[in-house]
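Position 54, counted from 1, in the sequence shown is what my numbering calls 45; the numbers after and before it change by one each time, with no gaps.
In this text, a Cβ means the ideal position worked out from N, Cα and C, and glycines have one as well.
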Amino acid sequence: MDTWGRTSATTRPDGTMRAGVLCGVRRMEVRDVPRPYVSPYEVLVRVSTVGLCGTDAHIFAGDANYHTDKFGQPIPFDVQPQVLGHEISGSVEEVGEEVRDLQAGDPVVIDQGLNCMSLRRPTLCDYCRTGDSHQCEFYAEHGITGLPGGLAEYISVPAVNAIPIRGELDMTQAALVEPLGCVIHAADAVDHANSRYRLNGASANPRVRSVLVCGAGPAGLMFVQYLRRVLGYDGLLLASEPDEDKRK
């Protein structure tokens, strides 16, 4: 049982699954690991697509480790290996007995962040209560803080963390919902800041006239598209990229 009281690593009678396990700095192995167990309010998802984020690269290289002990110290990979991957899409394989709004076969995208609602806490923390559940007092993330991620055949998550895909979005595109969500949140934060300027000011004076996006990776390029295509921003837009290979 992990620090969240979840039993998602419990061995099931039907055996194991394959997963990419980070067992040391820059050392990943494909291993047989226990197939996740599904509690009454969870779903088992067969992973279809996993995006590789800059955070994954930093953890893999040993530049970051967000899996910490009770003293806040990083737990070495050789002590507790990790399964990375937090940009996840897939299809529901199995539902817990209390799940009512999802069924086997449903395509879903995973919200990898666990908060008070995920575990049905009777009392919400101040962050969850005020709509900032991504800053939950008890926050943890699949594929980042030690909870098993999407570089595996299956992942189990609370049903509220599996968002059904209702349109024609394919699984590869759906895996980009997580970084896109970060882009939208950042744009909203900028536009709602206590400032005299707005990205879409009603008149010319308070309207933002130039935007610099630092880093033209996937998130940076999505930010460019979101500004232009969704917010209708028509001012000067610059995107910097320090990596020469990426600029090519």
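Next item on the list: Can you grab the Cα-Cα spacing for the pair H183 / R26, in whole Å?
Entry: If you draw a straight line from the Cα of H183 to the Cα of R26, it is about 44 Å long.
Margin query: Just to confirm, is the Cβ distance from A10 to V83 under 9 Å?
Written below: Contact flag unset, no.
Check: What does a CB cutoff of less than 6 Å around S231 pick up in its chain, not counting 5 residues either side in sequence?
Finding: C205, listed in sequence order.
Notebook entry, point to check: Just the Cα atoms here: how many angstroms apart are G141 and M162?
Noted result: Distance between the alpha carbons of G141 and M162: 13 Å.
Next item on the list: Please specify which runs of the beta strand (DSSP E), each continuous and at least 3 residues long, are wholly inside the region 19 to 87, giving them in chain order.
Entry: Listed in chain order, they are 33 to 42 and 78 to 86.
Item checked: Bridge partner(s) assigned by DSSP for G140 -> Paired residue(s): none; G140 is not in a bridge.
Item checked: Buried or exposed by the 16-neighbour rule on C-beta atoms within 10 Å, applied to P58 -> The amino acid occupying residue 58 in the given sequence is His; Pro does not appear at that position. Counting Cβ neighbours within 10 Å, H58 comes out buried, since at least 16 surround it.
Margin query: Buried or exposed for P241, going by 16 or more other Cβ atoms inside 10 Å?
Written below: Residue 241 cannot be examined here, being either before or after the span of the chain that is shown, -8 to 239.
Next item on the list: Excluding the 5 residues preceding and the 5 following T7 in the sequence, name in chain order all residues of the same chain whose CB lies nearer than 7 Å to its CB.
Entry: So the qualifying residues of the chain are D23, V24, P25 and R26.
Checklist line | Beta-carbon gap between I79 and V38 smaller than 9 Å | finding: For the pair I79 and V38, the CB atoms are nearer than the 9 Å cut-off.
Note to self: Alpha carbons only, please: which of Y224, E128 and D117 is nearest the one belonging to R189?
What the structure shows: The option with the nearest alpha carbon to R189 is Y224.
Notebook entry, point to check: So, is S186 buried or exposed, given that buried needs 16 or more other C-beta atoms within 10 angstroms?
Noted result: Flag for S186 reads exposed.
Check: Helix or strand or just coil, what does DSSP make of Y276?
Finding: Residue 276 lies beyond the stretch modelled for the chain, which goes from -8 to 239, so this question has no answer here.
Note to self: Among A165, V151 and P233, whose alpha-carbon lies nearest the alpha-carbon of V157?
What the structure shows: Looking at the sequence itself, residue 157 is Arg, so the reference to Val does not match. The option with the nearest alpha carbon to R157 is A165.
Next item on the list: May I ask you to verify whether the region 118 to 127 touches the region 87 to 96, counting CB pairs closer than 8 Å and requiring at least 3?
Entry: Segments in contact, no.
Item checked: CA-to-CA distance, A52 to L222, given in whole angstroms -> Using only the alpha carbons, I get a separation of about 36 Å.
Check: According to DSSP, what are the bridge partners of R198?
Finding: Paired residue(s): R189.
Notebook entry, point to check: Does the beta-carbon of N106 have 16 or more other beta-carbons within 10 angstroms, so that it is buried, or is it exposed?
Noted result: That one is buried.
Next item on the list: Classify A95 as helix, strand or coil using the three-state DSSP reduction.
Entry: Reduced to three states, the DSSP call for A95 is coil.
Next item on the list: Check whether the Cβ atoms of G104 and E132 lie closer than 9 Å to each other.
Entry: Going by C-beta atoms, G104 is nearer than 9 Å to E132.
Check: Which of helix, strand or coil does DSSP assign to G172?
Finding: Note: G172 maps to helix in three-state DSSP.
Item checked: Beta-carbon contacts of P155 that lie in its chain and below 6 Å, excluding the five residues immediately before and after -> So the list reads D97 and V99, once near-sequence residues are dropped.
Notebook entry, point to check: Counting along the chain, where does the alpha helix (DSSP H) carrying R238 start and finish?
Noted result: Unbroken alpha helix (DSSP H) run through R238: E235 to R238.
Item checked: Euclidean distance between Cα positions of V148 and A207 -> CA-to-CA, the gap between V148 and A207 works out to about 32 Å.
Next item on the list: Provide the residue span of the alpha helix (DSSP H) that contains P209, from first to last.
Entry: P209 to Q216 is the span of the alpha helix (DSSP H), which, as asked, contains P209.
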